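Notes to accompany the following structure.
Numbering (my numbering), first residue to last: 5 to 362.
Listed below in structure tokens is the structure:
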């Protein structure tokens, strides 16, 4: 029973690794999508500022604006070109991170699909997390294994029974051979062994295993609190990201209207060149904020699902072939077995404590 609990705990650890890999892939994917969108915004900004500089130079030549206005446009264009180069570098880094995680370079990535199973309330997330989080389930199984090892240590104090049957046949052989001419003997014995004195070694082993079981029991509560913390953190990050998306999209809408209005007012002399440049800057910053908040929202959903224990390939891509540890276990468990092994297993667990629900 201890080894079976170890196997089940290892399966939960496998789920943890699976979730970690999927979370890393999701982050790499949305980072590329975000940085590609940021690069597009930067390129558009450079194009707008270049046209703005051309217009400023033309108006300066006819005396409508001063040299200061032209210099302001040149400065903003140079700054935008520097930010464009930085965005290109960030996109290259994100693409390399993607290749390192996925194993191939990203092509033209589509917007990420909706993640299934995202809870609608924090209470639902808490309930699922306490039932399905693999780290918590692994801790519970470790405690079950340690309790079985306590019973194993206690068995050293109990009597052991050995039953033996021996058949021998011997003597002078003659031709023709007749088994009845042999001396045949059948001997049976039953030996009961009871430890009397071991200097406290056996009881010290029992106390050692009991302390291990107590530590594993405390670890369950610690892991349960960690699940509550990560679920709460993921939920609040998700709420913040969704609120940011709405606010930033509204900011983009208002900034676009403001930028168009400032350009129209500048054409009739009601606004300065600096006003136009500032309006464009606010619009691009708002667009970049939307791209970042969408990335944060998706990652927050993935983090919340991982904290709940539901960021699994079977849920994200049901048609993908998956490794089933139970199938592999059934394939290898019978190797080297003997016909009477089920009887031995039944006898071995006859006096063992029944596993308690975790």
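We treat Cβ as the ideally placed atom computed from N, Cα and C, and that holds for glycine. Please read all numbers here as calculations on a predicted model, not as lab measurements.
Beta-carbon spacing of residue i, residue j below 8 Å
i	j	result
residue 27	residue 306	yes
residue 1	residue 187	Because residue 1 is not part of the residues shown, which for the chain are 5 to 362, the question remains open.
residue 242	residue 293	no
residue 16	residue 145	yes
residue 95	residue 40	yes
residue 99	residue 296	no
residue 4	residue 20	The structure shown does not extend to residue 4, since the chain spans only 5 to 362, so no value can be given for it.
residue 43	residue 92	yes
residue 160	residue 233	no
residue 150	residue 217	yes
residue 86	residue 74	no
residue 46	residue 18	no
residue 29	residue 105	yes
residue 290	residue 255	yes
residue 319	residue 121	yes
residue 386	residue 71	For the chain, the structure presents residues 5 to 362; residue 386 sits outside this window and is missing.
residue 324	residue 317	yes
residue 157	residue 209	yes
residue 116	residue 66	no
Enclosing beta strand (DSSP E) for residue i [first to last residue]
i	result
residue 272	Residue 272 -> no beta strand (DSSP E), and no H or E assigned at all.
residue 174	164-174
residue 188	187-197
N- and C-terminal bounds of the alpha helix (DSSP H) containing residue i
i	result
residue 20	6-65
residue 346	345-352
residue 303	277-312
residue 320	317-320
residue 326	Here residue 326 belongs to no alpha helix (DSSP H), and DSSP marks it neither H nor E.
Own chain residues within Cβ distance below 6 Å of residue i, not counting five before or after
i	result
residue 152	5, 6
residue 80	53, 281
residue 84	49, 50, 53
residue 345	none
residue 278	76
residue 103	109
residue 286	259
residue 154	213, 214, 217
residue 32	101, 102, 105
residue 220	146, 147, 150
residue 321	none
residue 82	none
residue 376	With the chain covering 5 to 362 only, the question about residue 376 has no answer from this structure.
CB contact check: residue i to chain D, cutoff 8 Å
i	result
residue 53	In the displayed structure, chain D is absent; only one protein chain is listed.
Chain-order list of residues whose beta-carbon lies under 7 Å from that of residue i (same chain, five-residue window excluded)
i	result
residue 267	280
residue 12	145
residue 238	304, 307, 308, 311
residue 10	149
residue 298	249
residue 228	134, 140
residue 269	275
residue 252	290, 293, 294, 297
residue 57	77, 78, 81
residue 288	45, 49
Neighbourhood of residue i by C-beta, 8 Å cutoff - its chain only, sequence neighbours within 5 removed
i	result
residue 362	Below a pLDDT of 50, predicted positions are generally treated as unreliable, and residue 362, at 48, falls in that range; the measurement from the model is reported next regardless. For residue 362, where only same-chain residues beyond five positions count, the Cβ hits under 8 Å are 141, 144, 145, 147, 148, 224.
residue 350	none
residue 353	5
residue 246	301
Any chance you could list the alpha helix (DSSP H) runs of at least 4 consecutive residues sitting entirely within the stretch 89-149, in chain order? 126-136
Any chance the stretch 190-209 sits against the stretch 164-171, with 3 or more Cβ pairs inside 8 Å? Judged by pairs of C-beta atoms under 8 Å, the stretch 190-209 touches the stretch 164-171, as three or more such pairs exist.
Three CB pairs or more closer than 8 Å across the stretch 116-134 and the stretch 312-332: Touching, yes, given that three or more Cβ pairs across the two stretches are closer than 8 Å.
Which full runs of the alpha helix (DSSP H) of 4+ residues lie inside the stretch 210-263, going along the chain? Within the stretch 210-263, not a single complete alpha helix (DSSP H) segment reaches 4 residues in length.
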